[in-house]
Amino acid sequence: MTTSVAPISTVDAEEPPLKATDRAKRTLSRPGASLAALVIAVLWTLPTFGLAVTSIRPQLAAKTTGWWTFFTDPQVTFENYRTIFSERGGNLGSFFINSIVITVPAVVIPLVLAALAAYAFAWIDFKGRSFLFVVVFALQIVPIQVTLLPLLKLYVQGGIAGSFATIWLSHSIFALPLAIFLLHNFMREIPRELIEAARMDGAGHVQILFRVLLPLLTPALAAFGIFQFLWVWNDLLVALTFSTGTQTNPLTVGIFNLQGTLGSQPHLLAAGAFVSIIVPIAVFLSLQRYFVRGLLAGGLKG
Amino acid sequence: MRVTVTGKLVQMFIAIAVFAAVVAVILFVASRMKGKGRDRNVAFLFLVPTAIFVLVGLVYPALRTIYFSFFDAPGTGFIGVDNYKTIFTNSDLILVLRNTFLWVVVTPFVATAIGLLYAILVDRARFEKIAKTLIFLPMAISFVGASIIWKLVYEFRPDQVNVGQIGLLNRIVVLFGGPPQQWLINEPWNTFFLIAILIWIQAGFAMTILSAAIKAIPEDIIEAARLDGVGAIGMFRFVTVPSIRPALVVVLTTIAIATLKVFDIVRTLTGGNFGTGVVANEFYSQAFRAANLGLGSALAVLLFVLVIPIVVYNIRQLNASEAR
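Sequences listed follow chains X and C, in order. Note that the first sequence covers residues 40 to 341 in our numbering. Note that the second sequence covers residues 506 to 829 in our numbering.
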């Protein structure tokens with residue numbers, strides 16, 4: 040969640056010259072600083088690396104020796120992955136599909152609705168605009184926990200409990216305040232002259248939104264899109280609350296349940312967890328630029 | 506199997522098609538609007554879907570939850586503030602409050618300290634980009650995934666001949682001659698081993714924001730301090746930290762709020778057992794496992810109430826720094 044915009048520039052995190060830290064580093068002595076950075080980097084990488092190695096080790100090896108043994112006794116197998124994708128072993132393929140089915144609409148719906156609302160707040164003059172915007176801004180602080188019980192009841196009354204629709208709707212609802220806030224900020228940065236010129240040419244609101252703003256907003260939409268993708272793909276609470284079984288459970292719930300049933304099978308658990316983290320990591324690495332930009336623009340939902 | 510997969514994908518496409526149709530209607534009507542009230546009507550059209558979502562999905566449920574926090578377990582009998590009394594008097598729940606306090610105090614400060622240190626260390630270093638990506642990567646991983654990753658680190662095997670440790674942490678302990686520990690079970694330290702996971706996730710966030718803030722410090726300030734002969738520590742204390750103070754406040758408060766609501770890590774690894782419960786997890790247990798509507802609602806409201814002072818502090822600090 041965001042509380043407000045960080046008053047820092049959205050300039051790309053690249054190199055302006057001469058920094059306050061130069062001096063600090065020099066006195067810390069280069070080797071010392073490098074060593075400290077290296078220690079942190081290793082600490083942050085090693086656990087995930089251990090997971091990846093464990094996931095390709097045979098059952099007996101994984102259960103009796105640590106993953107580092109791999110380097111003296113390299114045994115590789117893909118049996119773990121075969122097992123967790125099988126019907127009996129974990130049926131992860133089905134959860135994988137569910138994650139995709141959940142994520143796509145849960146990203147598209149709030150993105151489009153927020154773009155419309157953000158445009159109204161940014162570029163249409165109407166009575167009560169600032170008040171309504173403050174309300175939307177304030178709603179960002181509502182923890183989703185506060186809404187879950189009554190929402191579940193509404194879904195039951197509406198006869199859609201247990202369906203994908205409940206998860207799509209919930210994620211869309213929870214995303215809207217932050218999405219509107221972020222997109223509004225980006226839209227306000229577009230020079231007024233551009234909008235005025237389009238109006239002079241007789242363009243209506245819909246044309247301005249699609250012809251003038253959206254092409255310029257691609258980075259902003261991408262930034263929020265990645266946020267929301269990571270949020271939905273990685274969510275456990277919403278899925279655990281509204282998804283009622285294997286028909287709709289996403290990967291996170293699948294892994295969560297595996298941890299209960301396969302807690303003593305580290306090789307299978309590792310393979311399952313690795314499958315669940317590989318998609319967001321790939322998306323993240325390929326679109327990191329947009330993600331960082333979004334972060335700096337002041338958004339982190341929690 | 507194949508049928509259900511197709512069926513699910515079809516469901517997804519239908520949902521998107523229906524949504525697209527609704528949006529198309531809104532846009533079509535909006536583009537047809539003319540005359541004096543056009544602006545107001547278009548704004549109304551654009552805001553209606555959001556208003557419905559937010560009113561039905563956020564405002565109404567939040568009010569209803571507050572209402573039910575004054576009711577008993579089945580939600581039928583009004584019991585005043587008894588649920589809140591329970592939270593602050595029941596010994597199990599007091600432990601939950603203590604743990605939540607520990608999480609919210611430890612996580613933001615440690616994650617921010619590590620993020621700041623790392624941002625300074627790798628600033629303008631040769632491999633800055635890759636170095637930052639490594640720390641940042643855990644942000645992309647689900648809390649469940651991170652929990653499994655760390656479960657492997659914390660893995661415990663009884664201390665017997667011929668039994669090797671498969672968890673990295675116990676392997677190191679044994680290497681130095683110590684007895685292997687059940688990190689996730691031994692109270693009260695287990696909570697700190699859970700907190701470490703969230704620090705691991707959040708440090709990258711802190712580093713990214715603070716690194717950008719450090720790079721934005723105006724050169725003349727640094728030069729002036731340098732001419733005054735300010736040393737490394739002085740530079741950090743009197744130039745770096747004051748310059749990035751607003752970013753520090755945002756990072757600390759953002760992580761604090763995220764920490765307050767942390768649920769997945771505790772749920773996945775201990776389920777709140779062994780004295781590791783936190784408010785967000787206890788809320789889930791009460792609301793969806795114990796079917797205690799009243800107490801569950803009260804715990805959710807408590808989360809809400811605890812977020813507010815952090816947000817207020819954030820806004821105040823930002824206003825103060827803008828006024829300066």
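Beta carbons: idealized from backbone N, C-alpha and C, even for Gly.
It is roughly 15 Å from the alpha-carbon of X:Leu326 to the alpha-carbon of X:Leu335.
Under the three-state reduction of DSSP, C:Phe661 is assigned to coil, being neither helix nor strand. Contact between X:Ser94 and X:Ala310 is confirmed by a C-beta separation of about 4 Å, below the 8 Å threshold. Burial state of X:Phe268 is buried, judged by a 10 Å Cβ sphere holding 16 or more other Cβ atoms. Spanning the alpha carbons of C:Ile521 and X:Ile148 requires a straight line of approximately 8 Å. Contact check between the region 152-167 of chain X and the region 548-567 of chain C: three or more CB pairs, one atom from each, fall below 8 Å, which counts as touching.
When the Cα atoms are used, C:Ile762 and C:Leu823 turn out to be separated by approximately 16 Å.
Burial check for C:Leu680: the Cβ neighbour count within 10 Å stays below 16, so the residue is exposed. The beta strand (DSSP E) runs lying completely inside the region 200-282 of chain X and spanning 3 residues or more number zero.
Along the region 284-317 of chain X, the positions whose C-beta sits under 7 Å from a C-beta of chain C are Thr291, Ile294, Phe295, Gln298, Pro305, Leu308, Ala309, Ala312, Ser315 and Ile316, read in chain order.
Put simply, the CB of C:Ile592 is far from chain X, with every gap to its CB atoms at 8 Å or more. An exposed status is given to X:Asp112, since fewer than 16 other beta-carbon atoms sit within 10 Å of its beta-carbon.
Rounded to the nearest angstrom, the gap between the Cα atoms of C:Tyr623 and C:Trp608 is 22 Å. Against X:Gly105, the close residues of chain C are Gly669, Gln670, Ile671, Gly672, Leu673 and Arg676, in the order they occur along the chain (beta-carbon pairs closer than 8 Å). Within 10 angstroms of the beta-carbon of C:Pro751 lie 16 or more other beta-carbons, which makes it buried. Between the alpha carbons of X:Ala80 and C:Gly620 lies a gap of roughly 11 Å. A distance below 7 Å between beta-carbons, with the five flanking residues on each side excluded, links X:Ile199 to the following residues of its chain, in chain order: Thr205. Assignment of C:Phe583 by DSSP, reduced to helix, strand and coil, places it in the strand class. Following the DSSP letters along the chain, one finds C:Pro723 in no alpha helix (DSSP H), marked with neither H nor E. Every alpha helix (DSSP H) of 4 residues or more that sits fully in the region 520-604 of chain C is shown, in chain order, as 543-559, 565-573 and 587-594. For X:Gln98, the enclosing alpha helix (DSSP H) begins and ends at Gln98 to Thr103.
Per DSSP, the unbroken alpha helix (DSSP H) holding X:Ile141 starts and ends at Leu131 to Trp162. At a cut-off of 8 Å, the C-beta of C:Val679 has no neighbouring C-beta in chain X. With the rule of 3 Cβ pairs closer than 8 Å, the region 635-642 of chain C does not count as touching the region 279-290 of chain X. Going by beta carbons, X:Ser211 and X:Ala145 fall inside the 8 Å limit. Spanning the alpha carbons of C:Leu563 and C:Ile571 requires a straight line of approximately 12 Å. Taking every protein chain shown into account, the CB of X:Leu208 has 16 or more other CB atoms within 10 angstroms, so this residue is buried. Under the three-state reduction of DSSP, C:Leu804 is assigned to helix. Residues of the region 559-571 of chain C with a C-beta atom less than 9 Å from some C-beta of chain X are Val559, Val561, Gly562, Leu563, Val564, Tyr565, Pro566, Ala567, Leu568, Arg569, Thr570 and Ile571, listed in chain order. For the pair C:Ile584 and C:Phe575, the CB atoms are nearer than the 8 Å cut-off. Nearest CB-CB separation between X:Gly243 and chain C: below the 8 Å threshold. Here X:Leu74 is exposed. Its C-beta has fewer than 16 other C-beta atoms within 10 Å. Taking 8 Å as the CB threshold, C:Ile646 lines the interface with chain X. Counting along the chain, X:Gln196 sits inside the alpha helix (DSSP H) bounded by residues Gln184 to Gln196. With a threshold of 16 other beta carbon atoms within 10 Å, C:Ile635 falls short and is exposed.
Annotation: the continuous alpha helix (DSSP H) that includes X:Thr291 extends over Leu290 to Thr300.
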